[in-house]
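Visitor: Could you have a look at this structure, given as C-alpha cells, before my questions?
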Amino acid sequence: MTDDDLQRQAIAQEAFDGMAGIEPGALEILAQGLRLAEQPLGELSEPLSYYADVLASEDVTGRLAVLRLARSLRLIAAHPGCPELLDRLEGMDHPPWLQIRNALEATNDGRA
Numbered sequence: 132m133t134d135d136d137l138q139r140q141a142i143a144q145e146a147f148d149g150m151a152g153i154e155p156g157a158l159e160i161l162a163q164g165l166r167l168a169e170q171p172l173g174e175l176s177e178p179l180s181y182y183a184d185v186l187a188s189e190d191v192t193g194r195l196a197v198l199r200l201a202r203s204l205r206l207i208a209a210h211p212g213c214p215e216l217l218d219r220l221e222g223m224d225h226p227p228w229l230q231i232r233n234a235l236e237a238t239n240d241g242r243a
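Here's what the structure looks like:
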C-alpha cells in the first residue's frame, strides 16, 4: 500500500467520522438514490451504503466502507467531471455533503 493510499484512507475515515450523526436509514436512501446518478457522483453510492451499515450495526467495523470511499475519492478526483461536482457541492454545509466536498478537496489538493 502506498502513502497516497494511506492518506486517502485517512481522508475517508475523517469524512465518515463527520457523518456519524446521520440516521442509517437516511444515508441508505441517499446511497440508493445515488445509484441512479451519473458519474462521478454515482461513485459515492456504494461507500455510503456500506457506511449506513456501519451506523446501523455495532458488529460492522467500517473498514470496507473506508477502503471503498478511499477508492471512490481517487476515481472521482481523476474524473473530468470532478471540478463541476465540487462546484455543485460548494455551499452545501450539511452532512454528508460537507464531508464529501472536504474529502474531495483534500484529495485534489495533493494530500492524497
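Position 68 (the sequence shown) corresponds to 199 in this note's numbering; numbering is contiguous. Glycine included, every Cβ here is placed at the ideal spot set by N, Cα and C.
Under 8 Å Cβ to Cβ from P226, same chain only, skipping five residues before and after it: list those, please.
Guide: If you number the sequence shown from 1, residue 226 lands on position 95. G149, M150, G152, I153, listed in sequence order.
Visitor: Is the beta carbon of G156 sitting closer than 8 Å to the one on L165?
Guide: Here residue 156 refers to the residue found at position 25 when the sequence shown is read from its first residue. Here residue 165 refers to the residue found at position 34 when the sequence shown is read from its first residue. Taking 8 Å as the Cβ cut-off, G156 and L165 do not qualify as a contacting pair.
Visitor: Measuring alpha carbon to alpha carbon, tell me which residue in L195, A162, A143 is nearest N233.
Guide: On the sequence shown, position 102 is the one that residue 233 refers to. Of the candidates L195, A162, A143, the one whose C-alpha sits nearest the C-alpha of N233 is A143.
Visitor: Determine the closest residue to L179 out of E236, W228, A237, with distance taken between C-alpha atoms.
Guide: Locating residue 179 in the sequence shown gives position 48, counting from the first residue. Cα-wise, what sits closest to L179 is W228.
Visitor: To the nearest angstrom, how far is the alpha carbon of P211 from that of M223?
Guide: Indexing the sequence shown from 1 puts residue 211 at position 80. Indexing the sequence shown from 1 puts residue 223 at position 92. Approximately 21 Å, taken between the alpha carbons.
Visitor: In this structure, how does DSSP classify D190 when only helix, strand and coil are distinguished?
Guide: Here residue 190 is taken as the residue at index 59 of the sequence shown, counted from 1. Residue state, collapsed to three classes: coil.
Visitor: Under three-state DSSP, which class holds D136?
Guide: Here residue 136 refers to the residue found at position 5 when the sequence shown is read from its first residue. DSSP places D136 in helix when its eight states are reduced to three.
Visitor: Name the two residues that bound the continuous alpha helix (DSSP H) containing P162.
Guide: Start at 1 with the first residue of the sequence shown, and residue 162 comes out as number 31. In the sequence under discussion, the amino acid at residue 162 is Ala, which differs from the Pro named in the question. Run containing A162: 155–165, per the alpha helix (DSSP H) assignment.
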